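> In this note's numbering, the protein residues as written are 965 to 1354. In this text, a Cβ means the ideal position worked out from N, Cα and C, and glycines have one as well. On a predicted model such as this, the values are computed, not experimentally measured, just so you know. What follows is a single structure, and I will ask about it in a moment.
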């Protein structure tokens, strides 16, 4: 594959994560606008987020089979049609049901393109170069999560209709589609992919892969459970206003991006299995320190450290998954993403009852326990790997 084609395929992977990051961030931000426009309670408006997650989960679950049945270009063509319909419905929505259908369509496209983007990285790069590119790809999720809230504020301050931002997100997919028409896409039809199944047959359901699935779910559950309740926790226990509490969250995501860029270079000198034990362990300790602290400035410092050291964990999990078989398996990679998305879906289902009955601090402690579980899972993962080598 020529160098230029490889770079363009990598750009598709970057944009696929940017697309999903924009959708998740914006949908969380516009819930109040949905409530106001459709004249419904905010609790009812928040159900649209479940439609987004549902679409992503359905798409990720089916993507590996679609990869065998349809060429990548055909999948991208269908994605463009769905994106157009989703953008149109979001603009023409007269009630929550129609808007929820548009969000479901966006979720289906997002899950498909996320799967394609991740699988492209897994097949284009090998060894430490794969982990480097996976982290750079993952950073575009966070970059998009910073840029689109700024655009959303711009729309609101200039009296631009709030749902126009979904058309702007659709433009990201349109760029992906244009890219796909100018390059040679890899072929993964059923005949070609049978080789993957033959080579991976002995390894496809081993213990290590199961541990990676579980770690993917627990990590996302712990991270989002922690970050989601930081504003309320900060106001109550650190005695600061909403503006300062948002600065704490922003500090996390900014250091998260810096961490992914740093570790994308640094990881080429490290053993992935050992570094993820260190990162999950230090992140657990830092999170514990944050929960015990009540000083605002120190909280900014601690949360920045947490963002920095925890940033590469999810990318390393996906990279470790891709190297568990002789060839990168689309089903295994998709199931890792599936379990990560399931963690997103379960975040409020698990943490909201904890907040209701035990308080917001207990929700943060639960997230800290999830991070500790990740640490022990990767100690077990390292042990299992050493046993296989013996």
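Using a Cβ-Cβ cut-off of 7 Å (strictly less than) and excluding sequence neighbours within five positions of residue 1210, which residues of its own chain qualify?
Mapped onto the chain shown, residue 1210 falls at position 246. Closer than 7 Å at the Cβ level, and outside the excluded window around residue 1210, lie 1195.
> So residue 1129 and residue 990 are supposed to be a Cβ contact under 8 Å. How far apart are they, rounded?
Taking the chain shown and counting its residues from 1, one reaches residue 1129 at position 165. Taking the chain shown and counting its residues from 1, one reaches residue 990 at position 26. The pair is a contact, with the Cβ atoms about 6 Å apart (cut-off 8 Å).
> If we require 4 or more residues per run, which alpha helix (DSSP H) segments fall completely within the segment 1043 to 1093?
Listed in chain order, the complete alpha helix (DSSP H) runs (minimum 4 residues) inside the segment 1043 to 1093 are 1060 to 1088.
> Can residue 1081 and residue 977 be called in contact, C-beta distance under 8 Å?
Numbered from 1 along the chain shown, position 117 holds the residue referred to as residue 1081. Numbered from 1 along the chain shown, position 13 holds the residue referred to as residue 977. Yes, the Cβ-Cβ distance between residue 1081 and residue 977 is below 8 Å.
> Under three-state DSSP, which class holds residue 991?
Taking the first residue of the chain shown as 1, we reach residue 991 at position 27. Here residue 991 sits in helix by DSSP.
> Is there contact between the segment 1279 to 1298 and the segment 1256 to 1266, where contact requires at least three CB pairs shorter than 8 Å?
Contact fails: fewer than three Cβ-Cβ distances are below 8 Å.
> Would you tell me roughly how many angstroms separate the C-alpha atoms of residue 1043 and residue 1249, rounded to the nearest one?
By one-based count along the chain shown, residue 1043 stands at place 79. By one-based count along the chain shown, residue 1249 stands at place 285. Answer to the nearest angstrom: the Cα atoms are 42 Å apart.
> Out of 1334, 1134, 970, 1096, point me to the one whose CA is closest to residue 1247's CA.
The sequence position of residue 1247 within the chain shown is 283, counting from 1. Residue 1334 is the option with its Cα nearest to residue 1247.
> When DSSP labels each residue in this structure, what does residue 996 get in the three-state scheme?
Start at 1 with the first residue of the chain shown, and residue 996 comes out as number 32. Residue state, collapsed to three classes: helix.
> For residue 1034, which of helix, strand or coil comes out of DSSP?
Taking the chain shown and counting its residues from 1, the one referred to as residue 1034 is at position 70. Residue 1034: coil per DSSP, three-state reduction.
> If we ignore side chains and look at the alpha-carbon of each, how far apart do residue 1227 and residue 1070 end up?
Translated into positions along the chain shown, residue 1227 becomes position 263. Translated into positions along the chain shown, residue 1070 becomes position 106. Each residue's Cα considered, the two are about 31 Å apart.
> Helix, strand or coil, according to DSSP, for residue 1288 in the structure here?
Your numbering for residue 1288 matches position 324 in the chain shown. Of the three classes helix, strand and coil, the one that applies to residue 1288 here is coil, per DSSP.
> Please classify residue 1229 as buried or exposed, where buried requires at least 16 other C-beta atoms within 10 Å of its C-beta.
Translated into positions along the chain shown, residue 1229 becomes position 265. Residue 1229 comes out exposed.
> Between residue 997 and residue 1126, is the Cβ-Cβ spacing less than 8 Å?
Position 33 of the chain shown, counting from 1, holds the residue named residue 997. Position 162 of the chain shown, counting from 1, holds the residue named residue 1126. Their beta carbons are under 8 Å apart, which means residue 997 touches residue 1126 by this criterion.
> Using 8 Å as the Cβ pair cut-off and three pairs as the minimum, do the segment 1083 to 1096 and the segment 967 to 975 touch?
Result yes; three or more Cβ-Cβ pairs closer than 8 Å.
> Classify residue 1345 as buried or exposed, calling it buried when 16 or more other Cβ atoms lie within 10 Å of its own Cβ.
What you label residue 1345 is simply residue 381 of the chain shown in a count that begins at 1. By the 10 Å Cβ count, residue 1345 comes out buried.
> At what residues does the alpha helix (DSSP H) containing residue 1216 begin and finish?
Numbered from its first residue, the chain shown carries residue 1216 at position 252. Run containing residue 1216: 1206 to 1230, per the alpha helix (DSSP H) assignment.
> Taking the beta carbon of residue 1203 as the centre, do at least 16 other beta carbons fall within 10 Å, making it buried, or is it exposed?
On the chain shown, position 239 is the one that residue 1203 refers to. Under this definition residue 1203 is an exposed residue.
> Figure out for me which residue from 1040, 1031, 1270, 1238 has the closest Cα to the Cα of residue 1190.
Taking the chain shown and counting its residues from 1, one reaches residue 1190 at position 226. Closest option to residue 1190, Cα to Cα, is 1270.
> Check whether the Cβ atoms of residue 1041 and residue 1279 lie closer than 8 Å to each other.
Along the chain shown, read from residue 1 onward, the residue named residue 1041 stands at position 77. Along the chain shown, read from residue 1 onward, the residue named residue 1279 stands at position 315. Cβ atoms of residue 1041 and residue 1279: not closer than 8 Å.
> Would residue 1165 be called buried (16 or more neighbouring beta carbons within 10 Å of its own) or exposed?
Looking up residue 1165 in the chain shown gives position 201. Residue placement at residue 1165 cannot be trusted, given a pLDDT of 47 that sits under 50; what the coordinates show is reported in the next sentence. When all chains shown are included, residue 1165 counts as exposed.
> What does the Cβ neighbour count give for residue 1275, buried or exposed, with the cut at 16 atoms within 10 Å?
Looking up residue 1275 in the chain shown gives position 311. Flag for residue 1275 reads buried.
> Since residue 1253 is in the alpha helix (DSSP H), which residue starts that stretch and which ends it?
One-based indexing of the chain shown puts residue 1253 at position 289. Segment 1236 to 1256, the alpha helix (DSSP H) holding residue 1253.
> Anyone know if the C-beta pair for residue 1300 and residue 1176 falls short of 8 Å?
Here the question's residue 1300 lines up with position 336 in the chain shown. Here the question's residue 1176 lines up with position 212 in the chain shown. Result yes, Cβ atoms of residue 1300 and residue 1176 sit closer than 8 Å.
> At the level of alpha carbons, what is the spacing between residue 1312 and residue 968?
Along the chain shown, read from residue 1 onward, the residue named residue 1312 stands at position 348. Along the chain shown, read from residue 1 onward, the residue named residue 968 stands at position 4. Computed Cα separation, rounded: 43 Å.
> Is residue 1140 closer than 8 Å to residue 980 when the C-beta atoms are compared?
Residue mapping note: residue 980 aligns to position 16 of the chain shown, counting from 1. Residue mapping note: residue 1140 aligns to position 176 of the chain shown, counting from 1. Their beta carbons are under 8 Å apart, which means residue 980 touches residue 1140 by this criterion.
> With 16 other CB atoms within 10 Å as the buried threshold, where does residue 1342 fall?
Position 378 of the chain shown, counting from 1, holds the residue named residue 1342. Looking at its Cβ environment, which holds 16 or more other Cβ atoms inside 10 Å, residue 1342 is buried.
> Which term fits residue 1097, buried or exposed, when burial requires 16 or more other beta carbons within 10 angstroms of its beta carbon?
Start at 1 with the first residue of the chain shown, and residue 1097 comes out as number 133. Classification of residue 1097: buried, given that the 10 Å Cβ count is 16 or more.
> Over what stretch of residues does the alpha helix (DSSP H) that includes residue 1005 continue unbroken?
Residue mapping note: residue 1005 aligns to position 41 of the chain shown, counting from 1. No alpha helix (DSSP H) contains residue 1005, which DSSP labels as neither H nor E.
> Out of curiosity, what's the CA-to-CA distance linking residue 1021 and residue 1223?
Sequence index remark: in the chain shown, residue 1021 carries index 57 (1-based). Sequence index remark: in the chain shown, residue 1223 carries index 259 (1-based). Computed Cα separation, rounded: 28 Å.
> What first and last residue would you give for the alpha helix (DSSP H) that runs through residue 1010?
Translated into the one-based positions of the chain shown, residue 1010 becomes position 46. Neither: residue 1010 is in no alpha helix (DSSP H) and is coded neither H nor E.
> Quick one, which of 1033, 1329, 995 has its alpha-carbon nearest residue 1185's?
Within the chain shown, numbered from 1, the residue matching residue 1185 stands at position 221. Per the Cα distances, 1329.
> List the whole-angstrom C-beta distance separating residue 1304 from residue 1215, where the pair is believed to meet the contact cut-off of C-beta under 8 Å.
The residue labelled residue 1304 in the question sits at position 340 within the chain shown. The residue labelled residue 1215 in the question sits at position 251 within the chain shown. So it is not a contact: roughly 24 Å between Cβ atoms.
> State the Cα-Cα distance for the pair residue 1171 and residue 1105, rounded to the nearest angstrom.
Your numbering for residue 1171 matches position 207 in the chain shown. Your numbering for residue 1105 matches position 141 in the chain shown. Going from the Cα of residue 1171 to the Cα of residue 1105 covers about 29 Å.
> Measure the C-alpha to C-alpha separation of residue 1234 and residue 1095 and round it to an integer number of angstroms.
Counted from its first residue, the chain shown places residue 1234 at position 270. Counted from its first residue, the chain shown places residue 1095 at position 131. Straight-line Cα distance between these residues: approximately 11 Å.
> Using the three-state DSSP reduction, which class does residue 1126 fall into: helix, strand or coil?
Sequence index remark: in the chain shown, residue 1126 carries index 162 (1-based). Note: residue 1126 maps to coil in three-state DSSP.
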